[in-house]
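Using our numbering, the letters of the sequence shown correspond one by one to residues 22 to 176. Quick reminder that beta carbons are idealized off the backbone N, C-alpha and C, glycines included.
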Amino acid sequence: MVLAVAGFSNMQAQEIYTEVMNMAKERVNDPAASDIVKEINQFKVNALTYMALTMREKMPDAPADVLDAEALALYKYVDLYMSTIVKNSDQPAAYQTKLIKLFIEVSLATPLFNDADKETVYAYTEKEDAFIRFSLDTNWVEAMKTVEEKLKDYK
């Protein structure tokens with residue numbers, strides 16, 4: 022996934038958003054992908070769709086690079102979440118739960134739109150059995166910075 026992220030640096034406005042969306046859709050529709058991979062990528066598709074639609078409604082004058090920055094940060098946030106969970110899979114369950122809660126709480130604490138439609142915004146956070154339980158209304162750039170800083174305390 023790091024190679025894919027590196028390839029984003031030469032793209033034009035909204036190309037990053039489109040590429041992240043296309044990659045996620047491919048994984049969702051890949052019959053060989055596991056259920057967990059499909060679930061993770063379905064979250065990305067839904068989060069990216071929510072982001073684009075809500076940005077058009079609430080921030081119509083925002084430059085396209087804002088959408089790209091958010092899409093790339095979403096990609097990185099989910100990737101960091103997954104790699105953190107895998108890297109700490111040998112740790113006690115309480116520690117793993119603490120890490121999972123950190124990512125969820127940071128997502129909830131960094132809204133981009135302050136959307137009042139909490140049913141939509143919290144659609145994933147309410148799913149107790151879901152692997153990804155982040156708010157759709159997240160400022161992914163800020164969330165990424167915050168979670169990276171907070172993870173330093175866990176080492």
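Within the stretch 73–123, note down every full alpha helix (DSSP H) run reaching 4 residues or more, in order along the chain. 85–108
Report the option in 105, 89, 164 whose CA atom is closest to the CA atom of residue 175. 105
Please tell me whether residue 142 and residue 156 are closer than 8 Å, where the distance is taken between their beta carbons. yes
Selection from 91, 51, 52 that minimises the alpha carbon distance to residue 133: 91
Would the beta-carbon of residue 65 fall within 8 Å of that of residue 87? no
Helix, strand or coil: which one does DSSP assign to residue 48? helix
Report back the beta-carbon spacing between residue 37 and residue 93 to the nearest angstrom; my notes put them in contact at under 8 Å. 5 Å
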